[in-house]
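Just below is one structure, and these are the notes that go with it.
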Amino acid sequence: MQKMMDALVKEAPGKGLTLKKMPVPEPGIGEVQIKIHKTAICGTDVHIYNWDAWSEKNIKTPMIIGHEYVGEITALGPGVTEYKIGDIVSGEGHIVCGHCRNCRAGNGQWCKDTYGVGVNRNGAFAEYLCIPKTNVILIPDGFSEDIVSFFDAYGNATHTALMFDVVGEDVLITGAGPIGMMAVGICRQNGARRIIVTDINQYRLNIAKQMGADAIVNLRHDKLEDAMKQVGMVEGFDVGLEMSGNGAALNQMLKSMRNGGKVALLGIAGPGTVIDWNDVIFKGLTLQGIYGRKMYETWYKLMAMIEAGLDLTPIITHRFHYTEYEKGFAAMNSGESGKVILDWTK
Ligand SMILES: [Zn+2]
-7 MQKMMDALVK EAPGKGLTLK KMPVPEPGIG EVQIKIHKTA ICGTDVHIYN WDAWSEKNIK
53 TPMIIGHEYV GEITALGPGV TEYKIGDIVS GEGHIVCGHC RNCRAGNGQW CKDTYGVGVN
113 RNGAFAEYLC IPKTNVILIP DGFSEDIVSF FDAYGNATHT ALMFDVVGED VLITGAGPIG
173 MMAVGICRQN GARRIIVTDI NQYRLNIAKQ MGADAIVNLR HDKLEDAMKQ VGMVEGFDVG
233 LEMSGNGAAL NQMLKSMRNG GKVALLGIAG PGTVIDWNDV IFKGLTLQGI YGRKMYETWY
293 KLMAMIEAGL DLTPIITHRF HYTEYEKGFA AMNSGESGKV ILDWTK
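In structure tokens:
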């Protein structure tokens, strides 16, 4: 008889998710089965929950969603010798083709045929998940499972924050969502001089401050220029990390960069967003788009930074049992949240 499990499923187009019984996936050739311990809710999951235009276009229903998780290996498919039952693991959420030009160059994050766990194939908001062994990330002893549950997002933050050298540099982070909060800690640990964060959400700015920002600027009532003066800046930012997807924030960043500054873009600005190209061209700015994380170099770096003392616990604001997922999504939709973790162990 088919074994069944609980899973959070987008059953049909429209708002919301359904907690229902689904078949336990069995690992195919080269795959592992993971019993999920904890998951974290990503902004992408919120888009799918709310069913925005992006979801309408990209999600085929029914689909088990979720791609930020930690768990233990419970079964090995044929051909898997690298892992053993009981290994604590997370996983890279992009399942890539392995033979396109970028894949063969070690740039899987730019694969032209990528499949997203919890987006294009069944995901991790379930008691069990199967992924290819290539995507498994073995977690060494001593890591908090709460923190590991959002390593995928922490990977985005790491890849963005470390795209350009931040040692001794002044960094502007626009957007204090969970990735922006994590980027503050990463820049701090990697030797940034001054870090200023802008947003319009005071709750999230306060966590960014806790993560080590020198100044937080609530653009509802404060000016970035004033904060720059207060911390003693004279020329503009050396490195910009755009994490808001807001056109006004992006333009303010470009205006606030010093000549020759470098900008990493993770936030997805809406279609038709206009920037002043004078800022880019006459200032000689470098703009770099960021997608995912380096496969798999970023995973090694992000674990090493935790071992070196980076503390991400201030970012965790809510913990729920998976049956209380509605509360988790409500917290994410309220904006008064950092990372929201769902427990699948009890
Ligand atoms: Zn590929």
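In terms of the working numbering, the sequence shown opens at residue -7 and continues consecutively.
No residue lacks a Cβ here, since even glycine has one placed at the ideal position from N, Cα and C.
Three or more Cβ pairs drawn from the segment 67 to 74 and the segment 8 to 26 lie within less than 8 Å of each other, which places the two stretches in contact. Counted as a single uninterrupted DSSP element, the alpha helix (DSSP H) harbouring residue 222 occupies residues 216 to 222.
Contact annotation: the segment 135 to 149 does not touch the segment 37 to 53, with fewer than three C-beta pairs closer than 8 Å. Under the criterion of beta carbons closer than 8 Å, residue 117 and residue 178 do not qualify as touching, at roughly 26 Å. Taken in chain order, the complete beta strand (DSSP E) segments of 3 residues or longer contained in the segment 233 to 290 are 249 to 257, 278 to 281. Between residue 121 and residue 84, the alpha-carbon positions lie close to 13 Å from each other. When distances are taken from the beta-carbon of residue 286 to the heavy atoms of ligand 1, even the shortest one reaches 7 Å or more. Bridge partners of residue 190 according to DSSP: 166, 209. Taken atom to atom, the span from the alpha-carbon of residue 28 to that of residue 279 is near 38 Å. Shortest gap from the CB of residue 86 to any heavy atom of ligand 1: 7 Å or more.
Rounded to whole angstroms, the Cβ separation of residue 153 and residue 175 is 4 Å, and the two are in contact under 8 Å.
By the CB criterion at 8 Å, residue 307 and residue 170 fall inside the cutoff.
Inclusion of residue 106 and residue 86 in the CB contact set at 8 Å is warranted, their separation being smaller than that value.
For ligand 1, a non-hydrogen atom lies closer than 7 Å to the CB of residue 94. Bounds of the alpha helix (DSSP H) holding residue 153 are 143 to 153. By the CB criterion at 8 Å, residue 238 and residue 268 fall outside the cutoff. The beta strand (DSSP E) runs lying completely inside the segment 22 to 87 and spanning 3 residues or more are 23 to 32, 60 to 68, 80 to 83, given in chain order. Between residue 290 and residue 63, the gap from beta carbon to beta carbon reaches 8 Å or more. Segment contact: the segment 315 to 322 against the segment 205 to 218, fewer than three CB-CB distances shorter than 8 Å; contact not assigned. At least one heavy atom of ligand 1 sits closer than 7 Å to the Cβ of residue 90. Around the Cβ of residue 227, a 10 Å sphere holds fewer than 16 other Cβ atoms; the residue is exposed.
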